[in-house]
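Residue numbers (mature numbering (1 follows the signal peptide of the UniProt record, and there is no 0)): -21 to -1, 1 to 117.
Backbone N, C-alpha and C fix where the C-beta goes; we use that ideal spot for every residue, glycine too.
Worksheet for the structure shown next.
Written as structure tokens, this is what we have:
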């Protein structure tokens, strides 16, 4: 059931940007297709995904987006795991990102999805996910 939900969320998260990419010129197509993706700057999403939920510890504004410092929400853990994830401006646009906000982490075979208030806000690919991501100029 979790895998079905994760697949549905991944499809929903990627359909909007891909539809926009189809309607825009070719120079902006790759930018629109990657709107919902994120980059892990420091830490590991695998460690955080084990808890299923993370808490936004800090939000830092960057010139080309926002950096979220995520902390494991697991109780009873002797050491708290953290990771810094960078979202593009388009991915962070319209989201209420604040310290203390709970974000769900959904593991899929090609990476992890970050879900905020039932909406997939980012996809963080693992090694298998990186291998299938591709873009080229048409």
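Simplified DSSP state of residue 116, which is helix, strand or coil: Coil.
Neighbourhood of residue 38 by C-beta distance below 8 Å, restricted to the same chain and skipping five residues each side: Closer than 8 Å at the Cβ level, and outside the excluded window around residue 38, lie 45, 46, 47, 48, 76, 77 and 78.
Endpoints, alpha helix (DSSP H) assigned at residue 108: 106 to 111 is the extent of the alpha helix (DSSP H) around residue 108.
Beta carbon of residue 151 nearer than 8 Å to that of residue 83: The structure shown does not extend to residue 151, since the chain is modelled only from -21 to 117, so the question has no answer here.
Expected contact under 8 Å - CB spacing of residue 70 and residue 101 to nearest Å: Yes, residue 70 and residue 101 are in contact; Cβ-Cβ is about 6 Å, under 8 Å.
Residue 85 and residue 94 closer than 8 Å at C-beta: The Cβ atoms of residue 85 and residue 94 sit closer than 8 Å to each other.
Status (buried if at least 16 other CB within 10 Å, exposed otherwise) for residue 103: The C-beta of residue 103 has 16 or more other C-beta atoms within 10 Å across all chains shown, which makes the residue buried.
Buried versus exposed, by CB contacts within 10 Å (16 or more), residue 99: Per the 10 Å Cβ criterion, buried.
Span separating the alpha-carbon of residue 52 from that of residue 113: Near 33 Å, if we compare the C-alpha coordinates of residue 113 and residue 52.
Which listed residue (96, 91 and 33) has its alpha carbon closest to that of residue 109: Comparing Cα-Cα distances from residue 109 to each of 96, 91 and 33, the minimum goes to 91.
Top-ranked residue by Cα proximity to residue 68, from 80, 50, 81 and 40: When only C-alpha atoms are compared, the closest one is 40.
Reduced DSSP secondary structure (H/G/I, E/B, other) of residue 78: Three-state result, residue 78: coil.
Residue -14 versus residue 97: straight-line alpha-carbon distance, rounded: Confidence at residue -14 is low in this model, with a pLDDT of 45, below 50, so the placement of that residue is unreliable and no value is reported for it.
Element boundaries [alpha helix (DSSP H), containing residue 52]: Element bounds for residue 52: n/a, residue is neither H nor E.
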